[in-house]
Amino acid sequence: MSKVVFSPARINIIAKNTFLEAVRQKFFGFLVIIALGIILSSQVFRDFNFGAPELKFIADFGFGAIVLFGSVLAIVATAQLFFSEIENKTAITILAKPIFRSEFIFGKFLGVSLLLLVFTGMMTVILSVLLFWRETAIMEGVDPEAFEAGRMVAYGDIFLYGIVQWLKFSILCGITMVVASFSNTNLYSVILSFVILLICHLQYLARDAWAQMEFLPVQLAVFMLSAVFPNFQLFNIGDQIALGESIPFELGARIIGYALIYIIVFNLLAVFSFRKREI
Amino acid sequence: MTSAISIEDLTKDFPLGFGHLKLRAVEDLSLEIADNQVFGLLGPNGSGKSTTIKVILGLLAPTRGTCGIFGTPSAEVSSRRDVGFLPEAPYFYRYLTGFELVRFFGRICQVEKSKLNDRVHEVIEWVGLKEAAHRRVGTYSKGMLQRIGLAQALVHDPRLVILDEPTAGVDPVGSAEISSLILKLKEQGKTIILCSHLLGQVEDICDRIAILNRGKLILEGELRDLVSKKDLRSVVVQDYREEYNDELAGWLQARESRLVSVEQPQYSLDRVFLEHVGRSELAREKLSERAEVAKQQDTASGKDNEEKKKSS
Amino acid sequence: MNWKALVVIFVVLFVVGLAVRPVEGPAWDELREREPSLRLADLEDALGQGVTVGLLGGFRAIVADLLWIRTNVIWEQQETAVIPATETMIRLVTTIDPRPVYFWLNGARMIAYDMSVWRVREAGDYGNIPDAAVRRYHDEQAETAIRLLERAREFHPDRPEILIEIANIYLRRMENEEKAAEYYRIAAEMEGAPPYAARIHAEILRRMGEYEQAYEWLKELYATLDPGNPAHQKQVVLGRIRELEDTLDVPLIQRFQP
Ligand SMILES: Nc1ncnc2c1ncn2[C@@H]1O[C@H](COP(=O)(O)OP(=O)(O)O)[C@@H](O)[C@H]1O
Ligand SMILES: [Mg+2]
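Going line by line, the protein sequences match chains D, X and U.
Residue numbering for the first sequence follows our numbering, starting at 3 and increasing by one per position.
Residue numbering for the second sequence follows our numbering, starting at 1386 and increasing by one per position.
Residue numbering for the third sequence follows our numbering, starting at 126 and increasing by one per position.
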């Protein structure tokens, strides 16, 4: 009998199936509509005639909607698409086939990641269109002086923002897979993943403050904490962009590199943890 | 020739929450299952049948012992290459159609792309789901789920087919059809492992059986040896009268045989149900999909029904 | 749960966390440099503002935006009764998100120019009440606004708009030309200052009678101007220099040679 070898084609099949399943779920459409609603609701700012600063307000709302609903989607969709396979026993049928568990994990990850890319991409494009439309209107009408130096919105940076957030959501998907690979209920996976998300957002406190701790054991504990969890504050570049500060190339490259490393690490950890899971 | 499945001293414990308390689902099980037969793995609920199967398929890790499929240890992915598996109470992606589902599993099993669609149509037709192939799996009845489960297990034409409770929750008509499909698989030269707690249903189709109880093997052997009393025969007579008894006993004694008992034959309720449902037009309409498929394809089950109708 | 696996996961993450520092460190330092609220001077700051910032994450800007809208809604009532509420809201918005200069400038304008007018109007309006009373209202509101802008300077030490705003309030609300001139000078000397800041500084000096000072300032300024940039108004500056030379009776040979 010939050996079964690791197959990217199988990963691809799992990924596609995962993506299709996600898109056909009501939850995805629901999130898209809510996020869109929030982005479009920034139109209330028109009533106040703020002039050029209106663009900042629109960007704030758009970025906020992307971050909030992207994070929710990353966690809930991963738990739903990965953990539910175990819970609903659909995984039994798949894993009884000649397929490596790593292929299953990578396929699931890629499927969810593709879903997150579609979500982030859609939101970023809609936000850009909205900004462009309002910028043009304000430039030609209400507040032309503010645009002496040309257009104010850096569309390239908004695009970069979309990529960075997508990578962050993908890390979050990896984290949720690791959590789900050893947890026993869907709710537990979701809650624990949100707690970890929160810790990752606050990690920078530990990262910058451990040296100031006076009591050595506390110092060590805080240092450990800062090393174990990734620094999600690093992806928080939306405010800068909304304030009109551009992101230099090297900074962007470092953030992206950091994200890619963690995506790989969490995927491998998920494989490690799932490898011996009893189905 | 290596056996289809070999299990050696298999023990499987499940931890029970905290502490060291454990539940022993399978204990010191050794079993060799030879090629090309229908093997029944029987036993009451909770006796460890599904657990044994899952260990064989590498879904669970054994606590002790080893097992392998066609000589390849279960821990290796390659061991599952020639196996089709229908899980107990199968759940599938509800949003896929039956066709898409079988196609998905076919691709996972790396069925050649040029042959894939034909093969998928073929197995779906074979299990009698042609009409429902483009309906979502979420709308399937329990019997249809078992059939589509059978189709996905067969899509890559495996040598070994493992079926875990394929008739659980399915009505007798459906069960009989599944039974005849299993016999057809055997004709094709496959090995079939059939787990069931419905002992009566598997009686007709198994060549060999093993019975588990509380995780332990309590009996194994050829079905014929186990159930038939070789030196006894029963004779079924129309319009029998009790007064024949003495005369018959004497007649038999003269030929050095002995009358053991005179009983009224008991037909199983299953058989009564099958006969009546087979006749009733109303029931046929209700089950039209199934019956039509059976007629068109002239499957073994279709023939069965016809025969039963004639005989009644 | 499998504790051994959990320990392995933690150890791997710890090692990876240390190993990626060379990638993450410089990026984080740069980002923190751009984001004042992430700079942790001491632990108390970290646990106070830091946690708020971390928790609000990407939503801090939205919260501030919404509060700013609320501020505007209150402000639109245009009466003294809403002065405390509006001032509180402005402080709240700028505390939650001190980064947009827009909030500071517009908040200061509301306080200095609008609220002072409301107060005068409610006391009987301009012309009906004594000048001293008008003065008092103007001064009080201007001082509050300037205090707000001085706080803004702490967050944005390199933004000339804030100094120009302070200078304007001194000039237009407090009629304090000396202070106005000083703030225009500081603004003009900053990088990215609008070219008119330097001209206004000179103009205020001239109005104050400080002709010598204004003359010296403009002469120095002239050398830095770009004739090709219409905003620099190099010819106008030369005209001012000539006027001052007339006023100061500078002898012809000592006059400024461009
Ligand atoms: N994942 C599990 N965790 C704990 N106990 C289990 C698990 N799976 C099965 N069992 C227990 O093992 C025993 C055998 O179960 P199973 O193999 O499903 O029996 P059968 O298939 O013969 O009905 C049962 O007592 C069952 O409760
Ligand atoms: Mg079972």
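Using N, Cα and C, we set each Cβ at its ideal position, and we do this for glycine too.
Limits of the unbroken alpha helix (DSSP H) element including residue i
{"i": "phenylalanine 1424/X", "result": "Segment 1423–1427 is the beta strand (DSSP E) holding phenylalanine 1424/X; no alpha helix (DSSP H) there."}
{"i": "valine 137/U", "result": "128–144"}
{"i": "threonine 20/D", "result": "10–25"}
{"i": "leucine 1633/X", "result": "1629–1639"}
{"i": "alanine 220/U", "result": "Residue identity check: residue 220/U is threonine in the sequence provided, not alanine. From DSSP, the alpha helix (DSSP H) with threonine 220/U extends over 208–221."}
{"i": "isoleucine 1438/X", "result": "1434–1441"}
{"i": "arginine 103/D", "result": "103–142"}
{"i": "valine 1645/X", "result": "Unbroken run through valine 1645/X: none, as it is neither H nor E."}
{"i": "glycine 31/D", "result": "28–43"}
{"i": "aspartate 1565/X", "result": "Residue 1565/X is actually serine in this sequence, not aspartate. Run containing serine 1565/X: 1557–1572, per the alpha helix (DSSP H) assignment."}
{"i": "aspartate 264/U", "result": "256–280"}
{"i": "leucine 253/D", "result": "251–277"}
{"i": "valine 1540/X", "result": "Looking at the DSSP string, valine 1540/X is not in any alpha helix (DSSP H), and its letter there is neither H nor E."}
{"i": "methionine 235/U", "result": "First-last for methionine 235/U: undefined, no H or E at that position."}
{"i": "phenylalanine 2/D", "result": "Residue 2/D cannot be examined here, being either before or after the span of chain D that is shown, 3 to 281."}
Bridge-paired residues (DSSP) for residue i
{"i": "serine 1581/X", "result": "Leu1427/X"}
{"i": "aspartate 1777/X", "result": "Since the first residue of chain X shown is 1386 and the last is 1697, residue 1777/X is not available in this structure."}
{"i": "proline 1400/X", "result": "Lys1407/X"}
{"i": "leucine 1471/X", "result": "Leu1548/X"}
{"i": "threonine 1451/X", "result": "Glu1393/X"}
{"i": "threonine 80/D", "result": "In the DSSP output, where bridge partners are listed per residue, threonine 80/D has none listed."}
{"i": "alanine 1595/X", "result": "Leu1426/X, Glu1605/X"}
{"i": "proline 1458/X", "result": "Gly1453/X"}
{"i": "arginine 1521/X", "result": "Thr1482/X"}
{"i": "glutamate 1726/X", "result": "Summary: the structure shown does not reach residue 1726/X, with chain X confined to residues 1386 through 1697, and so no result is reported for it."}
Range covered by the beta strand (DSSP E) that runs through residue i
{"i": "alanine 1389/X", "result": "Taken as a continuous stretch (DSSP letters only), alanine 1389/X belongs to no beta strand (DSSP E), as it is neither H nor E."}
{"i": "glycine 246/D", "result": "Unbroken run through glycine 246/D: none, as it is neither H nor E."}
{"i": "glutamate 1607/X", "result": "1601–1607"}
Exposure of residue i, with buried meaning 16 or more beta-carbon neighbours within 10 Å
{"i": "leucine 1644/X", "result": "exposed"}
{"i": "lysine 5/D", "result": "exposed"}
{"i": "aspartate 1589/X", "result": "exposed"}
{"i": "phenylalanine 1490/X", "result": "buried"}
{"i": "leucine 350/U", "result": "buried"}
{"i": "arginine 1675/X", "result": "Any reading at arginine 1675/X must be qualified, since the residue scores a pLDDT of 48, below 50, and its modelled position is unreliable; the value itself is stated next. Buried, by the Cβ-count rule."}
{"i": "arginine 224/U", "result": "buried"}
{"i": "serine 1560/X", "result": "buried"}
{"i": "arginine 331/U", "result": "buried"}
{"i": "valine 78/D", "result": "buried"}
{"i": "glutamine 1531/X", "result": "buried"}
{"i": "serine 1642/X", "result": "exposed"}
{"i": "asparagine 1630/X", "result": "exposed"}
{"i": "glutamate 1572/X", "result": "exposed"}
{"i": "tryptophan 243/U", "result": "buried"}
{"i": "aspartate 1549/X", "result": "buried"}
{"i": "glycine 113/D", "result": "buried"}
{"i": "histidine 263/U", "result": "buried"}
{"i": "tryptophan 168/D", "result": "buried"}
{"i": "aspartate 1610/X", "result": "exposed"}
Below-9 Å beta-carbon distance, residue i vs any chain C residue
{"i": "asparagine 127/U", "result": "Structure shown: chain C not included; protein chains present are D, X and U."}
Item to complete: Tell me, please, whether the segment 1409–1419 of chain X touches the segment 251–265 of chain D by the rule of three or more beta-carbon pairs shorter than 8 Å.
Response: No: fewer than three Cβ pairs fall under 8 Å.
Practice prompt. May I ask you to verify whether the segment 357–372 of chain U touches the segment 323–332 of chain U, counting CB pairs closer than 8 Å and requiring at least 3?
Written response: In short, these stretches touch, since the Cβ pair count reaches three.
Worksheet item: Below 8 Å, can you find three or more Cβ-Cβ pairs linking the segment 30–42 of chain D to the segment 135–153 of chain D?
Response: In this structure the segment 30–42 of chain D does not touch the segment 135–153 of chain D; the number of beta carbon pairs closer than 8 Å is below three.
Worksheet item: For the 8 Å Cβ check, are there 3 or more pairs between the segment 1430–1445 of chain X and the segment 1506–1524 of chain X?
Response: No contact exists between the segment 1430–1445 of chain X and the segment 1506–1524 of chain X.
Discussion item. Below 8 Å, how does it come out for the segment 246–256 of chain U and the segment 214–231 of chain U: are there three or more Cβ pairs, yes or no?
Written reply: Judged by Cβ distances under 8 Å, the segment 246–256 of chain U makes no contact with the segment 214–231 of chain U, as fewer than three pairs qualify.
Worksheet entry | the segment 1426–1441 of chain X / the segment 1575–1588 of chain X touching (three or more Cβ pairs under 8 Å) | The segment 1575–1588 of chain X and the segment 1426–1441 of chain X touch, with three or more beta-carbon pairs separated by less than 8 Å.
Discussion item. Under 8 Å, with one C-beta from each stretch per pair, do the segment 204–214 of chain D and the segment 167–183 of chain D reach the 3-pair mark?
Written reply: Too few Cβ pairs lie closer than 8 Å, so no.
Practice prompt. Check whether the segment 1479–1498 of chain X touches the segment 1516–1529 of chain X, taking contact to mean three or more Cβ pairs, one atom from each stretch, closer than 8 Å.
Written response: Below 8 Å, enough C-beta pairs join the segment 1479–1498 of chain X and the segment 1516–1529 of chain X to call them touching: three or more.
Worksheet entry | At least three beta-carbon pairs within less than 8 Å, the segment 1459–1472 of chain X to the segment 91–109 of chain D | Three or more beta-carbon pairs separated by less than 8 Å link the segment 1459–1472 of chain X to the segment 91–109 of chain D, which places the two stretches in contact.
Discussion item. Taking contact to mean 3 or more Cβ pairs, one atom from each stretch, closer than 8 Å, check whether the segment 1391–1398 of chain X and the segment 1445–1455 of chain X are in contact.
Written reply: In short, these stretches touch, since the Cβ pair count reaches three.
Discussion item. Is it the case that the segment 7–18 of chain D contacts the segment 1492–1503 of chain X, given that we only count it when at least three CB pairs across the two stretches are under 8 Å?
Written reply: The segment 1492–1503 of chain X, when compared against the segment 7–18 of chain D, does touch it at the 8 Å Cβ threshold.
Discussion item. Does the contact criterion of 3 or more C-beta pairs under 8 Å hold for the segment 54–64 of chain D versus the segment 236–252 of chain D?
Written reply: The answer is yes - the segment 236–252 of chain D touches the segment 54–64 of chain D, with three or more Cβ pairs under 8 Å.
Worksheet item: Is there contact between the segment 118–126 of chain D and the segment 85–98 of chain D, where contact requires at least three CB pairs shorter than 8 Å?
Response: Counting Cβ pairs under 8 Å, fewer than three are found: no touch.
Fill in: At least 3 beta-carbon pairs within less than 8 Å: the segment 222–234 of chain D vs the segment 139–151 of chain U
Proximity of the segment 222–234 of chain D to the segment 139–151 of chain U meets the contact definition, three or more beta-carbon pairs being nearer than 8 Å.
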